[in-house]
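Written below as structure tokens is the structure these notes are about.
Residue numbers (my numbering): 1103 to 1485.
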């Protein structure tokens, strides 16, 4: 039941007619309370879609009654008309639910620069509102898919309370506070300030560490809503851990469904002076097309790892660095170590360990290889 696994939530996913294919394309998730506390984080891209501009205003008071999400159109760079569609979407949901439009978040995903048909979206919202149920979470997860091959969902069990979630994202997966579209729900009784703290802590070490293709979206939004329906206020540390667990699970599922990918690459950096340095080093490899192409070809070309990390500002001596691939140390102290042909890169799961020997900090970045299918899919996306 995903986002409807926590009590106090209803959802629906319908085919509103936004997608030409006739697939599900509009989701509505409603918090029935008694609490309407919420938090959200957004893309740091300066180019922000109209739903982001709207939702940033809505979340300011930490109160959200519902979120509307559509696929089939990003509603970005669509001018004042596009913002009006977002506003009308929120108003349609508010009218159907008997709440204020200022308590309705809106999310969109799809092609940039194409106008959404406001009437189609509004009619879809009304239709979704009529189909709301505690079993609607799975349809909602399918309705937000674009190039995703399957829905991404999660449920984490707490002590008498739950965290549920859905996510979409298969391309433009690079961090900037949040990544892709995610809705998390909980029936724990947690105030907005604590939700915000838990969400930001979780995204920092999960979605912010997913860097599949180095491309930051204009529409990224991660929302966390609390109904308080369980009547339980959990320990702050335990609650934050559950939110992080949910985000980590969804991040992994997004990585595994990245467009065209044939390898899921975990880049673990150890021995950095600071965590930020470790992240910078890991990201330099994750965004290096030569490295990603080598992994696609099952080539343990560790020289591309060293060349990539040498472009960073992180303090370390490149001639002391060790590199291991799938458990085989192929580089030691900046020199060849075990023969490359001992590394098996045929499994989809690929682990790269970079030992900087400069400090005690560490970080892990998730990425994918660069494939023919990725290039083909994105060359044909607009059509």
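Each residue gets a CB set at the ideal place from its N, CA and C atoms; glycine is no exception. Only a predicted model underlies this, so the values are computations on that prediction, with no experimental measurement involved.
Within 9 Å, strictly: CB atoms of residue i and residue j
i, j, result
"residue 1105", "residue 1287", "yes"
"residue 1385", "residue 1456", "no"
"residue 1458", "residue 1374", "yes"
"residue 1323", "residue 1470", "no"
"residue 1329", "residue 1135", "yes"
"residue 1206", "residue 1195", "yes"
"residue 1149", "residue 1305", "no"
"residue 1226", "residue 1176", "no"
"residue 1256", "residue 1238", "no"
"residue 1139", "residue 1297", "yes"
"residue 1537", "residue 1166", "Past the edges of the chain, shown from 1103 to 1485, lies residue 1537, and the structure says nothing about it."
"residue 1172", "residue 1118", "yes"
"residue 1342", "residue 1141", "no"
"residue 1360", "residue 1332", "no"
"residue 1370", "residue 1432", "no"
"residue 1204", "residue 1158", "no"
"residue 1450", "residue 1344", "no"
"residue 1291", "residue 1137", "yes"
"residue 1442", "residue 1403", "yes"
Distance between beta carbons of residue j and residue i, contact taken as under 8 Å
i, j, result
"residue 1464", "residue 1372", "5 Å"
"residue 1405", "residue 1423", "That belief does not hold up - the Cβ atoms of residue 1405 and residue 1423 are roughly 12 Å apart, past 8 Å."
"residue 1348", "residue 1265", "5 Å"
"residue 1243", "residue 1114", "About 11 Å separates the two Cβ atoms, so there is no contact after all."
"residue 1346", "residue 1303", "7 Å"
"residue 1444", "residue 1430", "5 Å"
"residue 1495", "residue 1170", "Because the chain here runs from 1103 to 1485, residue 1495 falls outside it and cannot be looked at."
"residue 1282", "residue 1299", "About 21 Å; that fails the 8 Å criterion."
Residue i versus residue j: straight-line alpha-carbon distance, rounded
i, j, result
"residue 1120", "residue 1439", "55 Å"
"residue 1192", "residue 1388", "38 Å"
"residue 1274", "residue 1146", "Caution is warranted here: a pLDDT of 47 is assigned to residue 1274, below 50, making its placement in the model unreliable, and the coordinate value is therefore given only provisionally. Roughly 13 Å between the two C-alpha positions."
"residue 1245", "residue 1235", "15 Å"
"residue 1340", "residue 1220", "42 Å"
"residue 1253", "residue 1383", "31 Å"
"residue 1132", "residue 1362", "34 Å"
"residue 1379", "residue 1408", "15 Å"
"residue 1399", "residue 1366", "13 Å"
"residue 1461", "residue 1259", "36 Å"
"residue 1088", "residue 1448", "Since the displayed the chain opens at 1103 and closes at 1485, residue 1088 lies outside it and no answer follows."
"residue 1284", "residue 1129", "12 Å"
"residue 1308", "residue 1232", "35 Å"
"residue 1156", "residue 1401", "46 Å"
"residue 1473", "residue 1396", "10 Å"
"residue 1179", "residue 1154", "12 Å"
"residue 1223", "residue 1184", "12 Å"
"residue 1390", "residue 1110", "45 Å"
"residue 1217", "residue 1240", "27 Å"
"residue 1124", "residue 1210", "17 Å"
"residue 1214", "residue 1127", "16 Å"
"residue 1116", "residue 1381", "39 Å"
"residue 1334", "residue 1261", "9 Å"
"residue 1476", "residue 1271", "14 Å"
"residue 1189", "residue 1427", "50 Å"
"residue 1197", "residue 1162", "21 Å"
"residue 1368", "residue 1202", "44 Å"
"residue 1416", "residue 1164", "37 Å"
"residue 1107", "residue 1446", "40 Å"
"residue 1352", "residue 1434", "34 Å"
Residues bridged to residue i [DSSP beta-bridge criterion]
i, result
"residue 1334", "DSSP lists no partner for residue 1334."
"residue 1255", "1268"
"residue 1427", "1430 and 1454"
"residue 1288", "1265 and 1328"
"residue 1211", "1173 and 1175"
"residue 1131", "1113 and 1169"
For residue i, three-class secondary structure by DSSP
i, result
"residue 1158", "helix"
"residue 1185", "helix"
"residue 1204", "helix"
"residue 1436", "coil"
"residue 1349", "helix"
"residue 1165", "strand"
"residue 1361", "coil"
"residue 1235", "strand"
"residue 1465", "strand"
"residue 1275", "Residue confidence is low: residue 1275 scores 46 on pLDDT, short of 50, so the model does not pin down where it sits. No coordinate-derived value is stated."
"residue 1323", "strand"
"residue 1378", "helix"
"residue 1372", "strand"
"residue 1216", "coil"
"residue 1298", "helix"
"residue 1445", "coil"
"residue 1411", "helix"
"residue 1418", "coil"
"residue 1118", "coil"
"residue 1240", "helix"
Chain D contact for residue i (CB, 9 Å cutoff)
i, result
"residue 1129", "The chain inventory of the structure shown lacks chain D, comprising one protein chain alone."
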